[in-house]
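Every number in this note's numbering is 5 more than the matching position in the sequence shown, counting from 1.
What follows is a set of notes on a single structure, which appears directly below.
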Amino acid sequence: MRTQRQMVDYSLRKRAVLRELLAGRVGTYDVCDASPYLKNAARYHGEPTDERCPICRSENLTRVHYIYGDELKQSAGQARTLAELPVLAMTLREFQVFVVEVCLGCDWNHLVEQYLLGRDGLAEGAEGGPEQDAVGGAAASGTGAAGRRRREAQR
Numbered sequence: 006m007r008t009q010r011q012m013v014d015y016s017l018r019k020r021a022v023l024r025e026l027l028a029g030r031v032g033t034y035d036v037c038d039a040s041p042y043l044k045n046a047a048r049y050h051g052e053p054t055d056e057r058c059p060i061c062r063s064e065n066l067t068r069v070h071y072i073y074g075d076e077l078k079q080s081a082g083q084a085r086t087l088a089e090l091p092v093l094a095m096t097l098r099e100f101q102v103f104v105v106e107v108c109l110g111c112d113w114n115h116l117v118e119q120y121l122l123g124r125d126g127l128a129e130g131a132e133g134g135p136e137q138d139a140v141g142g143a144a145a146s147g148t149g150a151a152g153r154r155r156r157e158a159q160r
């Protein structure tokens, strides 16, 4: 996805949790605690994977994508399918996506990654686009708020 940015990967945290479980410092009930809402989101909005559950090893994991952002209003916090995300990314300026993996068999769940999506990512990646020319032209000529601040700071 072109507008995906500021990605945070939680795979090291997942490995640490699994290591704590195997060492006996954490119980299975502590890590297999998916809520009924998360399990329903996984059933109806989740994307199945080929990856086996690290706890029960009998079921494949399902990934759920939750979206949050100011522009979403009442839709914030909802689970969305992977196919819906590019449409939202072209419609909204910016929103955050949290990806959670869930095992429907043993209730294992873990935050896998988070990232930003939205049209604001297109403006950052475009070199010499019309938005950048307008902003760069105003800053270069010394007009606009940035130019005024620079002149005031030099005095």
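The beta-carbon is built from N, C-alpha and C at its ideal position, and this holds for glycine as well.
- Exposed is the label assigned to Ala-88, since fewer than 16 other Cβ atoms lie within 10 Å of its Cβ.
- In the displayed model, Glu-89 falls within a helix according to three-state DSSP.
- Taking 8 Å as the cut-off, the beta carbon of Gly-82 is found no closer than this to the beta carbon of Arg-98.
- For Tyr-71, the CB contacts under 6 Å within the same chain, skipping 5 residues up- and downstream, are Ala-84, Phe-103 in chain order.
- The beta carbons of Val-107 and Lys-19 sit no closer together than 8 Å.
- Ala-46 and Leu-66 have their C-alpha atoms spaced approximately 13 Å apart.
- In this structure, Leu-26 places its C-beta atom within 8 Å of the C-beta atom of Thr-33.
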